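Per my numbering, the very first residue in the sequence shown carries number 44; after that it's consecutive. Built from N, CA and C at the ideal position, the CB exists for glycine as well. Predicted, not measured: the structure shown is a model, and the values here were computed from it. This report concerns only the one structure given below.
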Amino acid sequence: MNDDAELLTRWRAGDPAAGSALVRRHVATLARFFRGKTGDLADIVQQTLTACVQARDRLPEGLEFRAWLLGIARNVLLHDLRRRGRKPEPELLDDQGLAAPSVLSPSRAVAARAERRLLLRALRRLPYDLQWLIELHYWEDLRQDDVAVILEIPPGTVKSRLSRAKRLLRAEIEALTADPALRASTVDDLDRWARDVAGGGDDDE
């Protein structure tokens, strides 16, 4: 399978099929990033892809294409949020990006769904850049330097902000439920949810 760098090189050299393949590969990543944050998912994904096409020759040296694309996505989303002048509506939140493993028992599957929804509700209560920091680190498994580029912060700041984001996320989880078992399992399983997302087949390969 061609990697992103090779597809980008071919696209820049005039191969539209390579560009299409490269873009298709990351549509699911964009959908996961935007889900729950905007009222028109398809439109904002398309805006991001259009911006990507227009800026394809400006990818910084050493930056992953996926990280660069997510940086564009963040800027498109910030523009969308400013235009709407409001935060995402609660009913737009869902757990499609956090699929539980299919081997769970029925009772455990129900509990896992409750954990996922609680996690997402808590996550959406954080400041935007802290939400995105957690998503980029856990959901997308990006390098610290790439996360810094996307969020436009110094690389050395990523670790301390991630620690703060996790601390605030735990506090929000604890504030959202009075069920001590659900609260504990959701907080304790943050790393496991990240692994489930990474292996859950969401990527558009």
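*With distances taken between CB atoms, is the gap from Ala116 to Leu166 smaller than 8 angstroms?*
Here the question's residue 116 lines up with position 73 in the sequence shown. Here the question's residue 166 lines up with position 123 in the sequence shown. The answer is no: Cβ separation not under 8 angstroms.
*Count the other CB atoms within 10 Å of the CB of Leu121; is the residue buried (16 or more) or exposed (fewer)?*
Locating residue 121 in the sequence shown gives position 78, counting from the first residue. Label assigned to Leu121: exposed.
*Beta carbon of Trp175: closer than 7 angstroms to some heavy atom of the ligand ZN?*
With respect to small molecules bound, the structure shown includes none, and the ligand ZN cannot be examined in it.
*Determine the extent of the alpha helix (DSSP H) in which Ala85 is found, giving its start and end residues.*
For the purposes of this step, residue 85 is taken as residue 42 along the sequence shown, with counting starting at 1. Leu84 to Gln97 is the extent of the alpha helix (DSSP H) around Ala85.
*Shortest alpha-carbon distance to Glu158 belongs to which of Ser228, Arg125 and Arg101?*
Against the sequence shown, residue 158 aligns to sequence position 115. That would be Ser228, whose Cα lies nearest to the Cα of Glu158.
*Does the pairing of the stretch 107-114 with the stretch 179-187 give three or more beta-carbon distances under 8 angstroms?*
yes
*To the nearest whole angstrom, what separates the beta carbons of Leu176 and Leu194, a pair I think is in contact under 8 angstroms?*
In the sequence shown, counting from the first residue as 1, residue 176 sits at position 133. In the sequence shown, counting from the first residue as 1, residue 194 sits at position 151. In this structure Leu176 touches Leu194 by the C-beta definition: roughly 6 angstroms separates them, less than 8 angstroms.
*Pick out whichever of Ala214, Val190 and Glu215 has its Cα sitting closest to the Cα of Ser203.*
Walking along the sequence shown from the start, residue 203 turns up at place 160. Checking every option, the nearest Cα to that of Ser203 belongs to Val190.
*Same chain, Cβ closer than 6 angstroms to Leu84, neighbours up to 5 away in sequence not counted*: By one-based count along the sequence shown, residue 84 stands at place 41. The residues are Phe77.
*Following the continuous alpha helix (DSSP H) through Tyr171, name the residue where it begins and the one where it ends.*
The count along the sequence shown starts at 1 and reaches residue 171 at position 128. Element bounds for Tyr171: Tyr171 to Ile177.
_Arg210 to Leu219 span [Cα, whole Å]_ = Position 167 of the sequence shown, counted from the start, is the residue given in the question as residue 210. Position 176 of the sequence shown, counted from the start, is the residue given in the question as residue 219. Each residue's alpha carbon lies about 15 angstroms from the other.
*Compute the distance between the beta-carbons of Val70 and Val88, then report whether it is under 8 angstroms.*
In the sequence shown, counting from the first residue as 1, residue 70 sits at position 27. In the sequence shown, counting from the first residue as 1, residue 88 sits at position 45. Yes, they are a contact pair.
*Could you check the C-alpha separation between Arg168 and Lys80 for me, to the nearest Å?*
For this step, residue 168 is matched to residue 125 along the sequence shown. For this step, residue 80 is matched to residue 37 along the sequence shown. When rounded, the distance between both Cα atoms is 12 angstroms.
*Just curious, the alpha helix (DSSP H) that Lys209 is in, first and last residue?*
The sequence position of residue 209 within the sequence shown is 166, counting from 1. Note, Lys209: alpha helix (DSSP H), Pro198 to Leu219.
_Can you find the residues in the same chain that come closer than 8 angstroms, C-beta to C-beta, to Asp100, ignoring five residues on each side of it along the sequence?_
Translated into the one-based positions of the sequence shown, residue 100 becomes position 57. Arg55, listed in sequence order.
*Mind checking whether Leu92 and Leu51 have CB atoms under 8 angstroms apart?*
Position 49 of the sequence shown, counted from the first residue, corresponds to residue 92. Position 8 of the sequence shown, counted from the first residue, corresponds to residue 51. Cβ atoms of Leu92 and Leu51: not closer than 8 angstroms.
*Three-way DSSP call (helix, strand, coil) for Leu185 in this model*: Start at 1 with the first residue of the sequence shown, and residue 185 comes out as number 142. Looking at Leu185 - three-state DSSP - the assignment turns out to be coil, as it is neither helix nor strand.
*For Gln89, decide whether its Cβ has a neighbour in chain D, counting only Cβ atoms nearer than 8 angstroms.*
Of the protein chains in this structure there is only one, and it is not chain D.
*Is Glu49 buried or exposed, if buried means 16 or more other CB atoms sit within 10 Å of its CB?*
Here residue 49 refers to the residue found at position 6 of the sequence shown. Glu49 should be labelled exposed.
*Give the secondary structure of Gly114 by DSSP, where H, G and I count as helix, E and B as strand, and everything else as coil.*
Within the sequence shown, the letter at position 71 stands for residue 114. DSSP places Gly114 within a helical segment (H, G or I) once states are collapsed to three.
*My understanding is that Leu113 touches Leu173, with C-beta atoms under 8 angstroms, so please give their C-beta distance in whole angstroms.*
As a position in the sequence shown, residue 113 is number 70, starting the count at 1. As a position in the sequence shown, residue 173 is number 130, starting the count at 1. Wrong, their Cβ atoms sit about 16 angstroms apart, outside the cutoff.
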